[in-house]
Ligand code: FA5
């Protein structure tokens, strides 16, 4: 009958030779040398032997174990050497890059154009109180702009701001004139969604307070903006209008080429800051005057990029957004 230690050793050596990769080598180690492996199992049969056979058995088993451990180490080193080194010059896997939303880019461009004309950027909260959204802006209590149907009131005296003109007040409350600022941000109105209206949209508001400011300064700034934004042939037109916080007031139209045809497009409102507004923030209207304007940023982006429907800006359809 074959000696069981010899049989185990031969089987182990043959299996080790057949194990070609790191996974197979690890499986071999567990099978033969592991704590529940075959060598351990055979070792435990020693207790069945007589006292004179035990040392011989133990010594043989130790030799087999040491020889298998050495063979395993040699095989493992050889297998590791056989793995081809990583080629760091190979092209990596690429992932899809995102890009900034067309509205974010438009805001950056608007800030850049006004920045070059000396306007600094201010910010204000989207949750506002009625003082900043209406009262200080000379919008009296029963004015139609304060109707619940025209606003998102929050029920605690606060509301979602309906215009960025709120930031005019916040800036003038905290900084003395002269002032030359813009602010870009979201505003909210319960308007029905259609191709040109959304219930959340963005405005850029400008405010300049200094001595001897006139409508000419206002028109010059809007004209420079139109040219920077819509090309060197763009023009600006002001149509008389009414806003409670400016006097006189005007609608701002810009003339631009759309699909090869020159068109006047309404972008916002503007005017000379009403003396009542200056008084509400303790600025002396006898000494200081200024202009303000507010333009719709979606409308600017739509005209610049030929986007026919404002709703597309908010659908998050990558096929649409990737075009810009
Ligand atoms: C105002 O909001 C005034 N605060 C502008 C102003 C500022 C006047 C400073 C004088 C001095 P108006 O409600 O017209 O004005 O809105 C300005 C622009 O916001 C509009 O011309 C349009 O471009 C844009 N806008 C208005 N409603 C929407 C809407 N529902 N969706 C998208 N854009 C809109």
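In my numbering, the protein residues as written are 700 to 1023. For every residue, glycine included, the Cβ atom is placed at its ideal position computed from N, Cα and C.
Just to confirm, are residue i and residue j a CB contact at a threshold of 8 Å?
i, j, result
"residue 858", "residue 904", "no"
"residue 927", "residue 953", "no"
"residue 924", "residue 995", "no"
"residue 753", "residue 742", "no"
"residue 756", "residue 767", "no"
"residue 962", "residue 971", "no"
"residue 809", "residue 999", "yes"
"residue 778", "residue 721", "yes"
"residue 774", "residue 704", "no"
"residue 1019", "residue 1011", "yes"
"residue 719", "residue 729", "no"
Considering only the alpha carbon of each residue, which of the options lies closest to residue i?
i, options, result
"residue 713", "721, 727, 1002", "727"
"residue 983", "876, 739, 934", "876"
"residue 867", "960, 796, 980", "980"
"residue 1036", "844, 805, 817", "In the structure displayed, the chain extends from 700 to 1023; residue 1036 sits before or after that span and is not available."
"residue 817", "881, 839, 765, 776", "881"
"residue 1009", "763, 804, 896", "896"
"residue 1001", "850, 991, 929", "929"
"residue 917", "749, 931, 945", "945"
"residue 731", "957, 764, 810, 964", "764"
"residue 960", "794, 975, 887, 1005", "1005"
"residue 975", "821, 801, 835", "835"
"residue 911", "750, 957, 986, 771", "986"
"residue 1003", "873, 802, 787, 790", "802"
"residue 822", "702, 898, 886, 1023", "886"
"residue 733", "711, 750, 719, 751", "711"
"residue 848", "890, 811, 804, 820", "890"
"residue 1021", "839, 888, 800, 819", "800"
"residue 761", "791, 819, 739", "739"
So, is residue i buried or exposed, given that buried needs 16 or more other C-beta atoms within 10 angstroms?
i, result
"residue 1014", "exposed"
"residue 831", "buried"
"residue 683", "Residue numbering for the chain in the displayed model covers 700 to 1023; residue 683 lies beyond these limits and cannot be assessed."
"residue 813", "buried"
"residue 1080", "Outside the displayed range of the chain (700 to 1023) lies residue 1080, so it cannot be described from this structure."
"residue 715", "buried"
"residue 796", "exposed"
"residue 920", "buried"
"residue 708", "buried"
"residue 781", "exposed"
"residue 874", "exposed"
"residue 701", "exposed"
"residue 991", "buried"
Only counting the same chain, and skipping five residues up and downstream in sequence, which positions put a Cβ closer than 8 Å to that of residue i?
i, result
"residue 993", "862, 863, 864, 902, 903, 904, 905, 967, 968, 969"
"residue 717", "723"
"residue 826", "853, 857, 858, 859, 860"
"residue 973", "837, 943, 944, 945, 946"
"residue 878", "870, 871, 906, 907, 908, 909, 989"
"residue 964", "952, 953, 954, 955, 957, 998, 1002"
"residue 894", "1007, 1008, 1009, 1010"
Once the 5 residues before and after residue i are set aside, which same chain residues still bring their CB inside 6 Å of it?
i, result
"residue 922", "935"
"residue 883", "806, 903"
"residue 824", "none"
"residue 913", "none"
Kindly list the residues whose CB is nearer than 7 Å to the CB of residue i, restricted to its own chain and excluding five residues on each side of it in sequence; keep chain order.
i, result
"residue 938", "949, 950, 952"
"residue 978", "984"
Is there at least one Cβ from chain D nearer than 8 Å to residue i's Cβ?
i, result
"residue 772", "Absent from the structure: chain D. Only one protein chain is present."
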